[in-house]
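Novice:
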C-alpha cells in the first residue's frame, strides 16, 4: 500500500516535470519560428551584408542550441558524453570550415 | 536479470523506457556519438560548398546564387521541417508517458511533414535544372550545391524510411523496452536533420541570396 | 544450443561460425587473419619496390606498374594492415581489460569487420581488372581525377566501404568503454591500452567523416561528372588535400596511440612495476589527440597557404613533441629500477624507444615550414614516416601479438624464434630506412620509378634493399613460428607473463562469456592488487547468475557483400551499361534488404543458465 502511494507520487512528479518540459519546448519552438522569420526578414529587407551575416549566424547558432538542449534534451543528466562528443565534433567542424574558407584558394 | 518477456512486455514501463536497459543506453550513447561524427561530415560538405559557392570557371551556365534562389519555397520548407521537429518532440513526450497511440499519431504527422519537405526539395531541384540549367555537372558551384543539399535530402529520405519501418513493425505490439530506444534514437536523428537544415537555410540560401 | 563448446566440429561448421560470429574474441581473430594477409600483400609490394630500386636505371618492372605498387603499398599498409591488426588487438583485449562480457554492439562490431574486408577485397580486385590505383596513397587531385582506367575508382569505393566499417568499430569501442566497465573499474584505473583504444576511437569518429566526404567528392568527379576538383569548371584541388589530411593526420595518431598503449602494458609487465606517471600518460594521450586535430596542414606547407598558416601549423606540430616526450620519459622511468625481463615483446618495446624518437626528431625537422620546402616529397619524408609507422605501429603490433598470443590462442609463441624475428626485423628495418634520410637529403625524390647512375645514390639504395630482405626473412620466421605454435605448441598457463591487468585473470581458454562473475576492481593493475594484497584471484562483484549473450548473425556479411556488388555496378555504369545497373540494383537490394531484416526481426539474444555455469565451474 505504502509502496503504491510512493510510486504514485513519483509518477506524478515525473508527469509534472514532463509537462513543464513540454511547455519549455513549445516556447522554444515559438522562438525558433520567430528567429527564422527574423532571419528571412533581414535578407528580404536588404540590410548591409556586414550586419546581416553575423546576425544570421548567431540566430542559426541559437536555434541549433535550442534543438540540442531543449528538443534533444542535452541538458539532462546522462548527457555528459553526448555533449562532450557534440562539442568535439563542433570543434573539428569549425576547424574544417575555417580551413576550407580561408586557405583553400591560394 | 530480465528475460525476453520483460523486454517485450508493454506493462510497467519505467519513466525513461529508452534508457532502462543496457542495450538501450548503449544505443542512446552510440547514436549521439554518431551524430558527433555527422557534424564533421556536414562540416566538410559545408566547407566545400563555401569554397566553391561562386565558382564557375569556364562553365556555360553561370547563374549566381543571388538570382537562383527563391526564398518563398525555402521558407515553407523550413517551416515544415521545424514543425516536424516539434511533432517528434510530442511523440517522444507521449512515449515517456507510455501512450503508444498518441506517439504513433505524432510520428505519423512527423513523417507527413518530412515527406512534404522532401517533395518540395525535389521540386526545387527540378526547377533549377529546367529553368536555370543549374545541374550537378554544370559547374563546381552546381556540384557543391547539389552534394550538400542532396546529402541532407538523402538523410531526410533515410529518416522517413526508418521511422515508417519502425511504425509498421511495432504498430501491433505497442511500446516496450526493446523498441523504445529505437524510437528515441530515430527522433534524435530527426532533430539532427533539422539542425543541419538550420545551417543550410542560413548559409546556403539566406547568405547566398545576399551574396 | 550455444552454451557448451563441442569438442570437434566439422570444417564447415567452423567456417559458418566465423561467418556469423558476433563474439569480439573471434572477430579479433578474423581481423588478425585478414589484416595479416594484407600485411603480407603490402610487404610483397614493398619488396617489388625495393627490387626495382636496388640498381640504378633498372628495367625490372614498368613505370605504370611501379606507380600502382607504391600506391597500393601505402594504401594497403595503412588501411588494410595496420588498422585491422590494431583492431584485432583492441577487439581481443580491450573488453577483457575492462572486465566486460562483450562489446556494446556485437552486431555492429561484426558488420565493421565485414565492411573492412569487402572494402579491402574490392580495392585489391583492381589488380585483375585493368590495373590498380596509381595516384599515390594520398590520391591528390587532379591526378586522381584524370587517372585513366578504373584504378582510382577502386581506391575511392574500396576505402569508402572499409571506412564505414572503421567508423562503426570506433563507435562500438567508445560506448563499450563508457558503459561496460566492471564494478570498480573507474576511468583512472583503466589500463593504458584501453585508454588509447578509447582515445583512438574518438579520433576515428571525428576524422573518418572527412575522408568519407573527400572520397564521395572524388567518386562524384570520376563517375558522375561533378566538378569539385576540375579547375576549368571552377573546382579546386586543394579541397581534396585539406579533406584528405583533416582525416589523414588524425589517422596517424589513430595508428600510433594504440601502439603506445601496447608498449605501456609491456613495459609495466616486464619491469614488474606499475606504469610510471600513469595519470600524465593518460593526459598526454588525450593531449596528443587534441593537438593531432590541428596540425593536418603541415602536410601541405609547399601548397602556398602563406606564411601565417604555415607558421600556425608548424608551431602546433612541434607542440605535439611535448606530450610525446612525456610518454617517452615515463616509459624509461617505468623500466628504471624495475626487474626487467627481456622477452620478445619487451625487446620490441625497448627498441621502439630509440627508433620512434628518431622518427619524432625528423618529425620536428619536417615541421619547420621553411626547411620543409627542402625535404618535401623526398626520401627524407619516406624515412621519417617509416620510422614512426614501422618503428612505432608495426613494432607495437608485433610486440602486442607476442604478448597477448597466449590469451588469444591459448599457446605461447616460441620465444627463440620470436627473438630471431625481432633481431632480423630490427636490423633490417634500420638498414632499410636509416640510409633513406640521407638519400632524401641528397635529393632523391619519392615515388620515382628510377634513379640514375653517377649521382651517388647507388650504395644507399642497395643497402636499403638488403635491409628490406632482412625484414622479409624476419616475417617468414614469424609465420613459421605461428604455424609450428599452432600445430605443436602446448597449452600455456593462464597467466604466463605474471601479468598485472584484468585480462590475465581469465582461465585458458577464455570462456566465450569472458567473465563468469564480473570482477571487482580494487585499483590500478587490478590483478596485481589481488596478487599482492589478496589471494591472487579476482574477487567477484556479483553472485553467479544467468548471463545474457547476443545471437550470431549472417547479416553483417550480406550487408557488406551487397555494397561490394553495388560498387562494381557504380564503377562500370558507363562502360557496361545495363549489367552494371543490375549489379547496382541487386547489390543495394541485398544491403538494404539485410538492413530491413535486421530492423524487423527481433534479436533478443539468449541466456546461459546459472546451472550450466555451475556445471562448467565444477570441472575447472
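Residue numbers (the UniProt record's numbering), protein chains in the order written: chain A, 1 to 106; chain B, 1 to 211; chain C, 1 to 620. C-beta: ideal position from N, C-alpha, C; glycine also.
(1) Residue 459 of chain C versus chain B: which residues are under 9 Å apart at the beta carbon?
(2) What residues in the stretch 77–88 of chain A bring their beta carbon closer than 9 Å to a beta carbon of chain B?
(3) For residue 102 of chain C, is the classification buried or exposed, using 16 other Cβ atoms within 10 angstroms of its Cβ as the cut-off for buried?
(4) Contact between the stretch 43–61 of chain B and the stretch 29–43 of chain A is defined here as three or more beta-carbon pairs at a separation below 8 Å; is this criterion met?
(5) Taking 8 Å as the CB-CB limit, is residue 104 of chain A close to chain C?
(6) Counting only beta-carbon separations shorter than 8 Å, does residue 212 of chain C have a partner in chain B?
(7) Secondary structure at residue 496 of chain C, three-state DSSP: helix, strand or coil?
(8) My output table needs one value for residue 445 of chain C: the three-state DSSP class, helix, strand or coil.
(9) Assign residue 96 of chain A to buried or exposed, taking buried as 16 or more other Cβ atoms, counted over all protein chains shown, within 10 Å of its Cβ.
(10) Compute the Euclidean distance between the alpha carbons of residue 376 of chain C and residue 435 of chain C, then round it to the nearest angstrom.
(11) Suppose only complete runs of 4+ residues qualify. What are the alpha helix (DSSP H) ranges in the stretch 387–423 of chain C, listed by chain order?
(12) Evaluate the contact criterion for the stretch 73–90 of chain B versus the stretch 111–119 of chain B: three or more CB pairs, one atom per stretch, below 8 Å.
(13) Thinking C-alpha only, which one of C:315, C:607, C:31 is nearest residue 545 of chain C?
(14) If you draw a straight line from the C-alpha of residue 482 of chain C to the C-alpha of residue 137 of chain C, how long is it?
(15) Name the DSSP bridge partner or partners of residue 340 of chain C?
(16) What does a CB cutoff of less than 7 Å around residue 54 of chain C pick up in its chain, not counting 5 residues either side in sequence?
(17) Looking only at C-alpha atoms, which of C:256, C:552, C:447 sits nearest to residue 378 of chain C?
(18) Name, in chain order, the residues that DSSP records as bridge partners for residue 520 of chain C.
(19) For residue 606 of chain C, which residues does DSSP report across the bridge?
(20) Residue 155 of chain C and residue 139 of chain C - do their beta-carbons sit closer together than 8 Å?
(21) Please compile the residues from chain A whose C-beta is within a distance smaller than 9 Å of the C-beta of residue 67 of chain C.
(22) In or out: residue 112 of chain C buried (at least 16 other Cβ within 10 Å) or exposed?
(23) Interface residues of chain A around residue 206 of chain C at Cβ under 8 Å?
(24) Could you say which of C:253, C:515, C:343 lies nearest to residue 388 of chain C if we only look at CA atoms?
(25) I'd like the list of long-range same chain contacts for residue 90 of chain B, defined as Cβ closer than 7 Å, with 5 residues on each side in sequence excluded.
(26) Determine whether the Cβ of residue 101 of chain A lies closer than 8 Å to any Cβ atom of chain E.
(27) For residue 236 of chain C, which residues in chain A fall below 7 Å Cβ to Cβ?
(28) Which residues of chain A have a Cβ atom closer than 9 Å to the Cβ of residue 242 of chain C, listed in chain order?
(29) Keeping to the same chain, check which residues put their C-beta closer than 7 Å to that of residue 281 of chain C; ignore five residues upstream and five downstream.
(30) So, residue 176 of chain C versus residue 95 of chain C, is the Cβ gap smaller than 8 Å?
(31) For residue 179 of chain C, which of B:7, B:29, B:45, B:18 has the nearest alpha-carbon?
(32) Within the same chain, show all residues whose beta-carbon is closer than 7 Å to that of residue 153 of chain C, passing over the 5 residues directly before and after it, in chain order.
(33) Looking at C-alpha atoms only, which residue of C:134, C:36, C:13 is the closest neighbour of residue 65 of chain C?
(34) For residue 210 of chain C, which residues in the same chain have their Cβ closer than 6 Å to its Cβ, ignoring the five residues on either side in sequence?
(35) On the three-pair Cβ rule with 8 Å, is the stretch 489–504 of chain C touching the stretch 406–418 of chain C?
(36) What residues from the stretch 598–615 of chain C come within 7 Å of chain B, judged by C-beta to C-beta, listed N to C?
Specialist: Taking the coordinates as given:
(1) Simply none; closest approach about 46 Å.
(2) For the stretch 77–88 of chain A, residues whose beta-carbon sits nearer than 9 Å to a beta-carbon of chain B comprise 78, 79, 81, 82, 83, 84, 85, 86, 87, 88.
(3) By the 10 Å Cβ count, residue 102 of chain C comes out buried.
(4) With a cut-off of 8 Å, the stretch 29–43 of chain A and the stretch 43–61 of chain B do not count as touching, because too few Cβ pairs lie within range.
(5) Residue 104 of chain A counts as touching chain C.
(6) Contacts with chain B at 8 Å (Cβ-Cβ) include residue 212 of chain C.
(7) Looking at residue 496 of chain C - three-state DSSP - the assignment turns out to be coil, as it is neither helix nor strand.
(8) For residue 445 of chain C, the secondary structure class from DSSP, reduced to helix, strand or coil, is strand.
(9) Classification for residue 96 of chain A: buried.
(10) Each residue's alpha carbon lies about 17 Å from the other.
(11) Along the stretch 387–423 of chain C, the alpha helix (DSSP H) occurs as fully enclosed runs of 4 or more residues at 395–409, listed in sequence order.
(12) The stretch 73–90 of chain B makes contact with the stretch 111–119 of chain B: 3 or more CB pairs, one atom from each, lie closer than 8 Å.
(13) That would be C:607, whose Cα lies nearest to the Cα of residue 545 of chain C.
(14) Residue 482 of chain C and residue 137 of chain C: Cα-Cα distance of roughly 30 Å.
(15) Answer by DSSP bridge pairing: none, since residue 340 of chain C is not bridged.
(16) Sequence-distant partners of residue 54 of chain C (beyond 5 residues in either direction) whose C-beta falls short of 7 Å from its own C-beta, in its chain, are 461, 462, 465.
(17) It is C:447.
(18) Note: residue 520 of chain C sits in a beta bridge opposite C:539.
(19) Its beta-bridge partners are C:549.
(20) Yes. Within cutoff.
(21) Those within 9 Å of residue 67 of chain C in chain A number zero; the least Cβ separation is about 27 Å.
(22) Answer is buried; the Cβ neighbour count reaches 16.
(23) Chain A residues near residue 206 of chain C: 88, 89, 92.
(24) Residue 388 of chain C has its Cα closest to that of C:253, out of C:253, C:515, C:343.
(25) Excluding sequence positions up to five before and after residue 90 of chain B, its CB lies within less than 7 Å of the CB of 106, all in the same chain and listed in chain order.
(26) The structure shown has no chain E; the protein chains it does contain are A, B and C.
(27) For residue 236 of chain C, the chain A residues whose Cβ falls inside 7 Å of its Cβ are 104, 105, in order along the chain.
(28) Listed along chain A are 96, 99, 100, 103, 104, each with a C-beta nearer than 9 Å to that of residue 242 of chain C.
(29) So the list reads 192, 264, 275, 327, 330, once near-sequence residues are dropped.
(30) Yes, Cβ-Cβ distance for residue 176 of chain C and residue 95 of chain C is below 8 Å.
(31) The shortest C-alpha separation from residue 179 of chain C is found at B:29.
(32) Exclusion of the five residues before and after residue 153 of chain C leaves 222, 223, 571 as the residues of its chain whose Cβ lies within less than 7 Å of its Cβ.
(33) The shortest Cα separation from residue 65 of chain C among C:134, C:36, C:13 belongs to C:134.
(34) Within the same chain, residue 210 of chain C has close Cβ partners 243, 246, 247.
(35) Between the stretch 489–504 of chain C and the stretch 406–418 of chain C, the count of Cβ pairs shorter than 8 Å is three or higher; the stretches touch.
(36) In summary, the residues of the stretch 598–615 of chain C whose CB is separated from some CB of chain B by less than 7 Å are 599, 600, 602, 604, in the order they occur in the chain.
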